[in-house]
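> Residue numbers for the sequence shown follow this note's numbering, beginning at 20 and rising by one. We put the beta carbon where it would ideally sit given N, CA and C, even for glycine.
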Amino acid sequence: MVDNILKLFIIGIGVGNPEHLTVQAIKALNRATVFFIPDKGTEKAALRHLRTEICARFIEGDAYRFVDVPMPARARNPEDYRSTVAAWHDAIAATYQRLLTAELADGECGALLVWGDPSLYDSMIRIVDRIRANGVALEYEVIPGIGSVQALAAQHRIPLNRIGEPVLITTGRKLGDTLPDDIGSAVVMLDGDQSFRRVDQDLEIFWGAYLGTEDEILISGRLADVRDEIETRREQARQRHGWIMDSYLLRRRES
Ligand SMILES: C[S@@+](CC[C@H](N)C(=O)[O-])C[C@H]1O[C@@H](n2cnc3c(N)ncnc32)[C@H](O)[C@@H]1O
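Dropping the structure here:
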């Protein structure tokens, strides 16, 4: 007997606005019948709600179902970041592997709805590759989505790069105290520590939180002038919602 080959779509769903979905994503949603929804604890209800809302809005008929995926916890501030993340990914892969093999019947197609675009600061592709490396027969397709970088630039109505210059995409953890010499602009994501407080305050910032949602906040200007406002608005919003997702672009001011 030939083993069932599992079929999966990894679909980028945008960062909060259901209208970010591409036509390609909508077609993939309509081919899938089982949606694996991670239970992330934090950011939880709101992000889960967007996923189920997208299914209700774009899938014709109701011949599909959701499977909750419990997310293993990750150690915070570990001594060895890389090996802690690797162990965490192994645990996530094991959970998905168990659920995918148990839930996907022959001929059924599964879908993983990834926040923003699956290529940027998201591990779903790596996790699916781990499952394949474990010997599971699995075919998958990646459908790109609008990520927070595109949403940030669009909402601020700015190009990301200065003419002919590179753009760095980095995390708060990796941001130094100013931009590297040959980099005119940098997008900073995953910054729980508001690292913009410790960089060159003469840089220009374009900050956005809850981009694409009705709670979106946009603030821009010279860091020295707007830093306090960002800090205050960020903290108020975080307390009100219980979670926050924010990103920003830093660039040198034009002389
Ligand atoms: C785990 S990464 C996922 C990125 C996602 N794959 C993408 O394409 O944007 C999460 C980070 O993305 C950024 N982000 C995601 N959604 C956002 C939103 N709606 N508004 C602002 N930033 C967002 C934040 O920097 C957040 O810390």
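Would you mind sorting M20 into buried or exposed? The rule is 16 or more other CB atoms within 10 Å of its CB.
Numbered from 1 along the sequence shown, position 1 holds the residue referred to as residue 20. Annotation note: pLDDT 49 at M20 (below 50); position unreliable, coordinate value reported separately. Its Cβ having fewer than 16 others within 10 Å, M20 is exposed.
> Helix, strand or coil for M90 per DSSP?
Here the question's residue 90 lines up with position 71 in the sequence shown. Reduced to three states, the DSSP call for M90 is coil.
> Over the uninterrupted alpha helix (DSSP H) stretch that includes L209, give me the two end residues.
For the purposes of this step, residue 209 is taken as the residue at position 190 of the sequence shown. Where L209 is concerned, there is no enclosing alpha helix (DSSP H), given that its DSSP letter is neither H nor E.
> Looking at the structure shown, is I177 part of a helix, part of a strand, or coil, going by DSSP?
Taking the sequence shown and counting its residues from 1, the one referred to as residue 177 is at position 158. Here I177 sits in coil by DSSP.
> Rounded to the nearest angstrom, how far is the Cβ of G31 from that of A44, given a contact under 8 Å?
Position 12 of the sequence shown, counted from the first residue, corresponds to residue 31. Position 25 of the sequence shown, counted from the first residue, corresponds to residue 44. With a Cβ gap of about 7 Å, G31 and A44 count as contacting.
> Does the distance from the C-beta atom of F215 to that of A130 stay below 8 Å?
For the purposes of this step, residue 215 is taken as the residue at position 196 of the sequence shown. For the purposes of this step, residue 130 is taken as the residue at position 111 of the sequence shown. In this structure, A130 does not lie closer than 8 Å to F215 by Cβ.
> For A205 versus I236, is the C-beta spacing smaller than 8 Å?
Locating residue 205 in the sequence shown gives position 186, counting from the first residue. Locating residue 236 in the sequence shown gives position 217, counting from the first residue. Contact flag unset, no.
> Does the beta-carbon of Y140, which I'm using as the reference point, lie nearer than 7 Å to any heavy atom of ligand 1?
Residue 140 sits at position 121 when you count from the first residue of the sequence shown. Y140 Cβ: within cutoff of ligand 1.
> Could you pull the start and end residues of the beta strand (DSSP E) that W107 belongs to?
The residue given as residue 107 occupies position 88 in the sequence shown. Where W107 is concerned, there is no enclosing beta strand (DSSP E), although the alpha helix (DSSP H) it sits in stretches over Y100 to E122.
> Please tell me whether L123 and L48 are closer than 8 Å, where the distance is taken between their beta carbons.
Walking along the sequence shown from the start, residue 123 turns up at place 104. Walking along the sequence shown from the start, residue 48 turns up at place 29. Result no, Cβ atoms of L123 and L48 do not sit closer than 8 Å.
> Relative to the C-alpha of P163, which residue among D141, A172 and V155 is closest?
By one-based count along the sequence shown, residue 163 stands at place 144. It is D141 whose Cα lies nearest to the Cα of P163.
> Mind checking which residues open and close the alpha helix (DSSP H) that includes A256?
Here residue 256 corresponds to residue number 237 of the sequence shown, with the count starting at 1. Segment L242 to H260, the alpha helix (DSSP H) holding A256.
> Using DSSP with H/G/I as helix, E/B as strand and the rest coil, what is V186?
Looking up residue 186 in the sequence shown gives position 167. V186: strand per DSSP, three-state reduction.
> For V42, does the three-state DSSP call read helix, strand or coil?
Looking up residue 42 in the sequence shown gives position 23. Reduced to three states, the DSSP call for V42 is helix.
> Using the DSSP secondary-structure output, state which residues sit across from E223 in a beta bridge.
Working through the sequence shown from its first residue, we reach residue 223 at position 204. According to DSSP, which records beta bridges pairwise, E223 is partnered with R241 and R270.
> Using a 10 Å radius around the Cβ and a threshold of 16 neighbouring Cβ atoms, would you call D136 buried or exposed?
Position 117 of the sequence shown, counted from the first residue, corresponds to residue 136. Buried: at least 16 other Cβ atoms inside 10 Å.
> Count the other C-beta atoms from every protein chain shown that fall within 10 angstroms of the C-beta of S274, then say buried if there are 16 or more, exposed otherwise.
As a first step, residue 274 must be located in the sequence shown, where it is residue number 255. With fewer than 16 other Cβ atoms within 10 Å, it is exposed.
> Just verifying my parser: in three-state terms, what is the DSSP assignment at A156?
The residue you call residue 156 lines up with position 137 of the sequence shown. A156: coil per DSSP, three-state reduction.
> Please determine, among N23, R271 and G195, the residue with the shortest C-alpha to C-alpha distance to G126.
Start at 1 with the first residue of the sequence shown, and residue 126 comes out as number 107. Residue N23 is the option with its Cα nearest to G126.
> Taking Cβ to Cβ, would you say L198 is nearer than 8 Å to L268?
Position 179 of the sequence shown, counting from 1, holds the residue named residue 198. Position 249 of the sequence shown, counting from 1, holds the residue named residue 268. Cβ atoms of L198 and L268: not closer than 8 Å.
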